[in-house]
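**Student:** Just dropping this structure here.
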Amino acid sequence: MTESNSSKQGEHAAMDQLFDRLFPICRSITGPGLRQTLSILGEYLPLHVFGTPTGTQVFDWEIPKEWHIREAWLKGPDGQKVVDFTNSNLHVLNYSTPVNQKLTMEELRPHLHTLSHLPAATPYVTSYYKPRWGFCLPYEQYKQLPEEGQYHAYIDSELVDGELNVAHAILPGESEREILISSYVCHPSLANNELSGPITAAFLYQRLAKWKKRRFTYRFVFVPETIGSITYLHRFGLELKKKLHAGLVLTCVGGKRENGETVPLSYKKSRRGNSPIDEIVQHLFHRQVLSGGVRPFTPIHGSDERQYCSPGFNLPVGQMSRFVYGTYAGYHNSLDTKEFMTITALQQTLDELEQVLLALELDGYYVNMRPYGEVKLDRHNLYPDMNSPNLWGRSSNTVVDGRTLLNQVLTVLNYADGTYTLREVAEACGSNVLDLRTVVEVLQEKGLLKGPYFERQELENHVCE
Numbered sequence: 052m053t054e055s056n057s058s059k060q061g062e063h064a065a066m067d068q069l070f071d072r073l074f075p076i077c078r079s080i081t082g083p084g085l086r087q088t089l090s091i092l093g094e095y096l097p098l099h100v101f102g103t104p105t106g107t108q109v110f111d112w113e114i115p116k117e118w119h120i121r122e123a124w125l126k127g128p129d130g131q132k133v134v135d136f137t138n139s140n141l142h143v144l145n146y147s148t149p150v151n152q153k154l155t156m157e158e159l160r161p162h163l164h165t166l167s168h169l170p171a172a173t174p175y176v177t178s179y180y181k182p183r184w185g186f187c188l189p190y191e192q193y194k195q196l197p198e199e200g201q202y203h204a205y206i207d208s209e210l211v212d213g214e215l216n217v218a219h220a221i222l223p224g225e226s227e228r229e230i231l232i233s234s235y236v237c238h239p240s241l242a243n244n245e246l247s248g249p250i251t252a253a254f255l256y257q258r259l260a261k262w263k264k265r266r267f268t269y270r271f272v273f274v275p276e277t278i279g280s281i282t283y284l285h286r287f288g289l290e291l292k293k294k295l296h297a298g299l300v301l302t303c304v305g306g307k308r309e310n311g312e313t314v315p316l317s318y319k320k321s322r323r324g325n326s327p328i329d330e331i332v333q334h335l336f337h338r339q340v341l342s343g344g345v346r347p348f349t350p351i352h353g354s355d356e357r358q359y360c361s362p363g364f365n366l367p368v369g370q371m372s373r374f375v376y377g378t379y380a381g382y383h384n385s386l387d388t389k390e391f392m393t394i395t396a397l398q399q400t401l402d403e404l405e406q407v408l409l410a411l412e413l414d415g416y417y418v419n420m421r422p423y424g425e426v427k428l429d430r431h432n433l434y435p436d437m438n439s440p441n442l443w444g445r446s447s448n449t450v451v452d453g454r455t456l457l458n459q460v461l462t463v464l465n466y467a468d469g470t471y472t473l474r475e476v477a478e479a480c481g482s483n484v485l486d487l488r489t490v491v492e493v494l495q496e497k498g499l500l501k502g503p504y505f506e507r508q509e510l511e512n513h514v515c516e
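Be aware that the sequence shown starts at 52, since it is given in the numbering used here, and climbs by one per residue.
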């Protein structure tokens, strides 16, 4: 076994183990389950956790009370438990108020939630901002409940003054320009629609921490969806407006088809539509470096990109998914399992996100330091020093590659006038940004190229020989 294969297998096993620790936790937008989740994730990356007290106004929202739940069950007329919170935390309406009451089926029915089109599934139902109590159960089980007799509904929960928690980890780079990776940590026992994002983000942090060089600073954010990202923006929004170069919200980044194939990536554009992350992902899809499709931005549905892209912030943040929310049977119900999500799909997402970030690291504006006429490349061992038909397929005396490297060198140097991004140069080469990495590094080492710059450059600002 190679070291690389061994490392991959170790990473796969570690991701699998993290999933098993997180899946049973009863998460919500506040409370002990959220804090426990952040605490466990903090073992994988250095999280700084922030708390915002109940009642705090955050833009147009207010931090709700914390939800604590200890026990819940529903007993039928025969005294046997119909559903039990200890068997699945999906059986209780999330944020349910307490109840200890005996009811008829007619009285109980408004508090029971099922999915008639998925009779074997237990739905995930929430009521964060309006007091309710309730139970969730499979429709096929619900249909078997007797109409006569009394039921006993018991939910031992409470809403208390506390705080809403968000967390981030900052991975420093050479500049203060930032890349944001954001995911949510508020759903209970759901796999693709909950754990796929934070698990992938945690291990992506570990991948990037091993890079020898990082041009950007990376900000990894974990929040309860919607209210959490709004709260985070209330605290850090102005900082993000100053520093953010690009960002990704990770949601539903796992999933497989019935035949076992992993679903291709699906990217939702930022509100801007032409931000660096929009352009680079589309470039990698177009050049078939990655397999995937692009969705337009919409505020109608989605995840926390709606908050990052709200008009007051309009941050360059897109969303990356694989099996998109609402398009698979297990969305927001008990069919969303690890077997459907698969750790293999998460590891593939991890690989592909690393490619996206490497491309962002390379992209930018470059400047040819000797732009007046062509550079005499044979002086730098980048061109054959003899004109002979026998050398026409070479990039130098020793590199036999059909002139691939030489053609890329000539194209990069010609377009490196500070007004073209490397992505645009790669398109001119009929190539992709990642393919130009070696060319850029060689030209930089030889003092022929400077960059990448974040903004367009005026050529006359540079000393040219």
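Glycine residues also receive a C-beta, built at the ideal position from the N, C-alpha and C atoms.
I'd like to check one pair, Pro223 with Gly298: are the Cβ atoms closer than 8 Å?
**Tutor:** Result no, Cβ atoms of Gly298 and Pro223 do not sit closer than 8 Å.
**Student:** Beta carbon of Arg357: closer than 7 Å to some heavy atom of the ligand MN?
**Tutor:** As for the ligand MN, it is missing from this structure, which has no ligand bound.
**Student:** Could you check where the beta strand (DSSP E) with His99 kicks off and where it finishes?
**Tutor:** Per DSSP, His99 belongs to the beta strand (DSSP E) from His99 to Pro104.
**Student:** Considering Cα atoms alone, identify which of Gln333, Lys194, Tyr179 and Glu492 is closest to His164.
**Tutor:** Minimum Cα distance to His164 is reached at Lys194.
**Student:** Beta-carbon separation of Thr302 and Gln370 under 8 Å?
**Tutor:** Going by C-beta atoms, Thr302 is nearer than 8 Å to Gln370.
**Student:** So which of Asn243, Leu144, Asp135 and Asp129 has the shortest CA-CA distance to Thr395?
**Tutor:** Checking every option, the nearest Cα to that of Thr395 belongs to Asn243.
**Student:** Looking at C-alpha atoms only, which residue of Gln152, Ala218 and Glu158 is the closest neighbour of Glu198?
**Tutor:** Ranking the options by Cα distance to Glu198, first place goes to Glu158.
**Student:** If we count the other Cβ atoms within 10 Å of its Cβ and call it buried at 16 or more, is Tyr416 buried or exposed?
**Tutor:** Tyr416 is buried by the Cβ-count criterion.
**Student:** Provide the residue span of the beta strand (DSSP E) that contains Glu209, from first to last.
**Tutor:** Element bounds for Glu209: Tyr202 to Val211.
**Student:** Skipping 5 residues on each side, what residues in its chain have a beta carbon closer than 6 Å to that of Arg16?
**Tutor:** Nothing can be reported for residue 16: it is not among the residues displayed for the chain, which extend from 52 to 516.
**Student:** Inspect the CB distances between the segment 277-287 and the segment 198-213 and report whether three or more fall short of 8 Å.
**Tutor:** As far as the Cβ criterion goes, the segment 277-287 does not touch the segment 198-213, which means the pair count is below three.
**Student:** Within a Cβ cutoff of 6 Å, which residues of the same chain sit near Glu516, ignoring the five residues on either side of it in sequence?
**Tutor:** Low confidence applies to Glu516: its pLDDT is 47, below 50, so where it sits in the model is not reliable enough to give any reading.
**Student:** Considering only their Cβ atoms, is the gap separating His296 from Glu517 smaller than 8 Å?
**Tutor:** What is shown of the chain runs 52 to 516, which leaves residue 517 out entirely.
**Student:** If we require 3 or more residues per run, which beta strand (DSSP E) segments fall completely within the segment 361-399?
**Tutor:** Counting only runs of 3 or more, we get 368-372.
**Student:** According to DSSP, simplified to helix, strand and coil, what is Gly61?
**Tutor:** Helix at Gly61.
**Student:** Alpha carbon to alpha carbon, how far is Gly84 from Pro161? Give it in angstroms, no decimals.
**Tutor:** Cα-Cα distance, rounded: 27 Å.
**Student:** Taking only the alpha-carbon atoms, compute the straight-line gap between Leu485 and Gln406 and give it to the nearest angstrom.
**Tutor:** Those two C-alpha atoms are separated by around 8 Å.
**Student:** Assign Asp402 to one of three DSSP states: helix, strand, or coil.
**Tutor:** Helix at Asp402.
**Student:** Excluding the 5 residues flanking Glu472 on each side, which residues of the same chain have their C-beta closer than 7 Å to its C-beta?
**Tutor:** It is worth fixing the name first, because residue 472 is Thr in this sequence and not Glu. Excluding sequence neighbours, Thr472 sits near Asp414, Gly415 and Tyr416.
**Student:** Is the segment 303-311 close to the segment 235-254, with three or more CB pairs under 8 Å?
**Tutor:** Taking 8 Å as the limit for Cβ pairs, the verdict is that the segment 235-254 does touch the segment 303-311.
**Student:** Please name the residue, chosen from Cys77, Glu113 and Val236, that lies closest to Ser208 on a Cα-to-Cα basis.
**Tutor:** The shortest Cα separation from Ser208 among Cys77, Glu113 and Val236 belongs to Cys77.
**Student:** Quick one: residues in its chain with C-beta nearer than 6 Å to the C-beta of Val143, no 5 flanking neighbours on either side, listed in chain order?
**Tutor:** The answer, listed in chain order, is Ala123 and Phe136.
**Student:** How many angstroms separate the CA atom of Val236 from the CA atom of Phe273?
**Tutor:** For Val236 and Phe273, the distance between alpha carbons rounds to 6 Å.
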